[in-house]
Amino acid sequence: MKAKELDKIFDEGQEDILEWFDTEKMTKPNEEPKRINIDFPKWMVDRLDREARHLGVSRQAIIKMWLAERLGAA
1 MKAKELDKIF DEGQEDILEW FDTEKMTKPN EEPKRINIDF PKWMVDRLDR
51 EARHLGVSRQ AIIKMWLAER LGAA
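Residue 53 in the UniProt record's numbering sits at position 53 of the sequence shown; the count goes up by one each step and never skips.
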């Protein structure tokens, strides 16, 4: 299918255009994970774990949430 045909289907709202895409491999730009290693003092890990348990999330999740909030990406 040519882009103009897909644009027309989308613009006219005739059907769901997602059926024309391979959504299994879709990613958001700049959202692919990048693994890093970081060292924290034990007291900080203990506090992170306590707060994570309180919120019912993993240590990694709370670190990501807090960093996203601080960086204005939440």
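Positions of the beta carbon are idealized from the N, C-alpha and C atoms, including for glycine.
Between the region 22-31 and the region 41-61 there are fewer than three C-beta pairs closer than 8 Å, too few to call the two in contact.
Annotation: the continuous alpha helix (DSSP H) that includes alanine 52 extends over 42-55.
DSSP, read as helix, strand or coil, puts aspartate 11 in helix.
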